[in-house]
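According to our numbering, the residues represented by the first sequence are 1 to 574, in order.
In this text, a Cβ means the ideal position worked out from N, Cα and C, and glycines have one as well.
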Amino acid sequence: MDDQQLQKIRHSTSHILAYAVKEIFGSEVKFAIGPTIDDGFYYDFDLSGQTFSTDDLKRIEKKMMELIKKKSDFNRTETDIKTALEKTKAQPYKQELINDLAKEGEKNVSFYQVGEFEDLCRGPHVENTKELGHFKLLKIAGAYWRGDEKNKMLQRIYGTAFKTKDELQKYLIMLAEAEKRDHKKLGRELDLFSFQEEGPGFPFFHDKGTIIWNALVDFMRQEMKKRNYEENKTPIILNEDLWRTSGHWDHYKESMYFTTIDEKKFAVKPMNCPGNLLIYKTNQHSYKDLPIKAGEFGLVHRHEKSGVLNGLFRVRNFTQDDAHIFCTADQLKEQIIELIDFVDFIYKTFGFKYLMELSTKPEKAMGSKETWDKAESALKEVLKEKNIEFKINEGDGAFYGPKIDFHLKDAIGRTWQCGTIQLDFSMPEKFDLEYTGEDGKKHRPIMLHRAIYGSIERFLGILIEHYAGAFPLWLSPVQIIVIPISEKFAGYGHQVMEKFKRENIRVKIDDSNESLGKRIRNAEKEKIPYIVVVGEKEQGEKTLAIRKRGEGDLGSKKIDDFMAAIKTEITDKK
RNA sequence: GCCGAUGUAGCUCAGUGGUAGAGCAUUUCCAUGGUAAGGAAAAGGUCGUGAGUCCAAUUCUCACCAUCGGCUCCA
Numbered sequence: 001m002d003d004q005q006l007q008k009i010r011h012s013t014s015h016i017l018a019y020a021v022k023e024i025f026g027s028e029v030k031f032a033i034g035p036t037i038d039d040g041f042y043y044d045f046d047l048s049g050q051t052f053s054t055d056d057l058k059r060i061e062k063k064m065m066e067l068i069k070k071k072s073d074f075n076r077t078e079t080d081i082k083t084a085l086e087k088t089k090a091q092p093y094k095q096e097l098i099n100d101l102a103k104e105g106e107k108n109v110s111f112y113q114v115g116e117f118e119d120l121c122r123g124p125h126v127e128n129t130k131e132l133g134h135f136k137l138l139k140i141a142g143a144y145w146r147g148d149e150k151n152k153m154l155q156r157i158y159g160t161a162f163k164t165k166d167e168l169q170k171y172l173i174m175l176a177e178a179e180k181r182d183h184k185k186l187g188r189e190l191d192l193f194s195f196q197e198e199g200p201g202f203p204f205f206h207d208k209g210t211i212i213w214n215a216l217v218d219f220m221r222q223e224m225k226k227r228n229y230e231e232n233k234t235p236i237i238l239n240e241d242l243w244r245t246s247g248h249w250d251h252y253k254e255s256m257y258f259t260t261i262d263e264k265k266f267a268v269k270p271m272n273c274p275g276n277l278l279i280y281k282t283n284q285h286s287y288k289d290l291p292i293k294a295g296e297f298g299l300v301h302r303h304e305k306s307g308v309l310n311g312l313f314r315v316r317n318f319t320q321d322d323a324h325i326f327c328t329a330d331q332l333k334e335q336i337i338e339l340i341d342f343v344d345f346i347y348k349t350f351g352f353k354y355l356m357e358l359s360t361k362p363e364k365a366m367g368s369k370e371t372w373d374k375a376e377s378a379l380k381e382v383l384k385e386k387n388i389e390f391k392i393n394e395g396d397g398a399f400y401g402p403k404i405d406f407h408l409k410d411a412i413g414r415t416w417q418c419g420t421i422q423l424d425f426s427m428p429e430k431f432d433l434e435y436t437g438e439d440g441k442k443h444r445p446i447m448l449h450r451a452i453y454g455s456i457e458r459f460l461g462i463l464i465e466h467y468a469g470a471f472p473l474w475l476s477p478v479q480i481i482v483i484p485i486s487e488k489f490a491g492y493g494h495q496v497m498e499k500f501k502r503e504n505i506r507v508k509i510d511d512s513n514e515s516l517g518k519r520i521r522n523a524e525k526e527k528i529p530y531i532v533v534v535g536e537k538e539q540g541e542k543t544l545a546i547r548k549r550g551e552g553d554l555g556s557k558k559i560d561d562f563m564a565a566i567k568t569e570i571t572d573k574k
């Protein structure tokens, strides 16, 4: 967000929020920080053990409005560090901030005063509170001081503010829209999946959810075949030594599941790559075999902390559309390019736009600096060569290598990290992978890890929200529903249904004892793409009355014409 | 894991210190329909789990479990 005036408004509104909190809760409140964020602002407070309630939010909002209506000026003053520390004696968090600023070499810091409240702040602020007023406090949350879980938990209030009432209104409508699209809600309503207390974080996919799942996997499998992938399946439980070798034990044992078999220790796989490496090693490989592209729809388990679980977005077991590419140094570039194009093709099919990010060496990394530099520059080079815009995420790579991440943008503008291409010089080393080169000598292959959907569970969740549950025909669990007007035409309805079934169309019939209006309503609520109504007229003419989801009655069509049209629609994935 | 909220019928929710109610869904019956709810009846609940207080707990207290909103985390 680069709108300066909007920034000022949000910054100033968060300042007023702190003012209001001080007015209501008194000066024992310790103030932490109140920055602006993408959609608004927040402010962190230390209430010495007390917490805010939803009612407080309303009270604070009211108080803020009162303060704003006073049309007070914001006055900026600048003081040296010493005076600043003097001024904030009762505010330990502010003192910490000032001391840090001093350490960074700042000689002076700024304060903003409005009414009877002064707060340490870099600014800028608006000049007068009369410029404010289109704001809303949204939620209360706990947040660690400075984002570190070892620090004290503070009380955070989130809010948003805009220049005009209309903009605020629009934003609140967008939030309501997002809520309507919530995949947890739609998953229940459309009977796609569920969660049970018996397995927290382990999703249950119902028939309809499984149909979409399979459609996604079939699509990916088809595209993999076109690109000469092989596919394999590796065990879910493997012994602990393997995970020690791979480095996962060192880096992630806290979030792995363990089990004992015949007094020997095993782990449930949190990633697929080690299994795949073992397959690679079952054969000798020639340079002529490379690249080997081995795909696996692999079910992995990760012991995520209880507080992070979130519908299909964050689960404890999920299926990655994983693949590992073993290639020579010479092939690396073309392989990365192929992958970028592959991801692009898949995302476009769903109508997603996306951004790319390059993540570099993290602190707890495996392998030498030289290897990392080599890997990072290889990725950078390809991105630059392809003229792709990308952001660099310093220190965010995997422990075995740098990566390119794809952040896709859904129908209402939210972004999600899904696809990833990871370069790995490290695993082939650990597992001593080899191929025989043209020179007859042994060489080490380079390994690429990649996922496009990422986690199929999560991707499905994103798709539910992206399409608001109204899946395109090729993904719809039920593609066509036949509704005979009355019992008399149930026979013809069944004939029609069978005809579609023979063509592998997912079709069902609703010949229940409900009114026509009711059955159409039900089908619309179920978000079935096509409703086919048949009665006396259709039976006589061998036609179908077609109703398209969300569009209403399209009139009557010959069965064969309609069949051809929907088959095209399915193949085109429109 | 931490902070906060929530948990009542299959679903969405109301309600109460004296063992519960609506709408939708379900079942049955009537109506045989022309593009988003035809009518009637029935059935359905250890009020998340466990303990405590009380003559009495779904209601109050505590612990636990699960879910949601955040924080931290996400190979």
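Beta-carbon proximity of residue i to residue j, cut-off 8 Å
{"i": "I462", "j": "D410", "result": "yes"}
{"i": "I392", "j": "T360", "result": "yes"}
{"i": "K386", "j": "P472", "result": "no"}
{"i": "G311", "j": "H183", "result": "yes"}
{"i": "G454", "j": "G413", "result": "no"}
{"i": "T129", "j": "K70", "result": "yes"}
{"i": "L85", "j": "Y19", "result": "no"}
{"i": "N232", "j": "K293", "result": "no"}
{"i": "K30", "j": "D56", "result": "no"}
{"i": "F258", "j": "K265", "result": "yes"}
{"i": "A523", "j": "D510", "result": "yes"}
{"i": "T234", "j": "G275", "result": "yes"}
{"i": "F431", "j": "L290", "result": "no"}
For residue i, the three-state DSSP class (helix, strand or coil)
{"i": "Y400", "result": "coil"}
{"i": "Q331", "result": "helix"}
{"i": "E370", "result": "helix"}
{"i": "S515", "result": "coil"}
{"i": "I559", "result": "helix"}
{"i": "Q155", "result": "strand"}
{"i": "F193", "result": "strand"}
{"i": "Y144", "result": "strand"}
{"i": "T234", "result": "coil"}
{"i": "A267", "result": "strand"}
{"i": "D572", "result": "helix"}
{"i": "P529", "result": "coil"}
{"i": "G575", "result": "Any question about residue 575 goes unanswered here, given that the chain covers just 1 to 574."}
{"i": "Q113", "result": "strand"}
{"i": "Y354", "result": "strand"}
{"i": "V382", "result": "helix"}
{"i": "N108", "result": "strand"}
Outcome for residue i when other beta-carbon atoms lying within 10 angstroms are tallied against a minimum of 16
{"i": "T605", "result": "The requested residue 605 is not part of the displayed model; the chain covers only 1 to 574."}
{"i": "S12", "result": "buried"}
{"i": "I464", "result": "buried"}
{"i": "M1", "result": "Per-residue confidence for M1 stands at a pLDDT of 45, beneath the threshold of 50, marking its modelled position as unreliable; no derived number is given."}
{"i": "S584", "result": "No statement about residue 584 is possible, as the shown extent of the chain runs from 1 to 574 and does not include it."}
{"i": "S27", "result": "exposed"}
{"i": "N214", "result": "exposed"}
{"i": "D3", "result": "exposed"}
{"i": "E526", "result": "buried"}
{"i": "G247", "result": "buried"}
{"i": "T54", "result": "exposed"}
{"i": "L448", "result": "buried"}
{"i": "V308", "result": "exposed"}
{"i": "F204", "result": "exposed"}
{"i": "Q479", "result": "buried"}
{"i": "L137", "result": "buried"}
{"i": "A32", "result": "buried"}
Q | Ordered list of beta strand (DSSP E) runs contained in the segment 418 to 479, each at least 3 residues | A | 446 to 455
Q: Determine contact between the segment 63 to 78 and the segment 109 to 124, defined as no fewer than three beta-carbon pairs at a distance below 8 Å.
A: yes
Q. What are the complete alpha helix (DSSP H) segments, minimum 4 residues, inside the segment 159 to 186?
A. 165 to 180
Q: Please confirm if the segment 441 to 448 is in contact with the segment 320 to 338, defined as three or more CB-CB distances below 8 Å between the two stretches.
A: yes
Q) Between the segment 170 to 182 and the segment 149 to 156, are three or more C-beta pairs nearer than 8 Å? A) no
(Q) So within the segment 6 to 90, which uninterrupted alpha helix (DSSP H) runs reach at least 4 residues, ignoring any that extend past its ends? (A) 54 to 69, 81 to 87
(Q) Could you check whether the segment 185 to 199 touches the segment 244 to 262, counting it as contact only if at least three pairs of C-beta atoms, one from each stretch, sit closer than 8 Å? (A) no
(Q) Quick check: the segment 397 to 404 against the segment 415 to 433, are at least 3 beta-carbon pairs closer than 8 Å? (A) yes
Q: Give a yes or no on contact between the segment 342 to 358 and the segment 294 to 303, applying the rule of three or more CB pairs nearer than 8 Å.
A: no
Q: Report yes or no: do the segment 488 to 499 and the segment 516 to 531 share at least 3 C-beta pairs separated by less than 8 Å?
A: no
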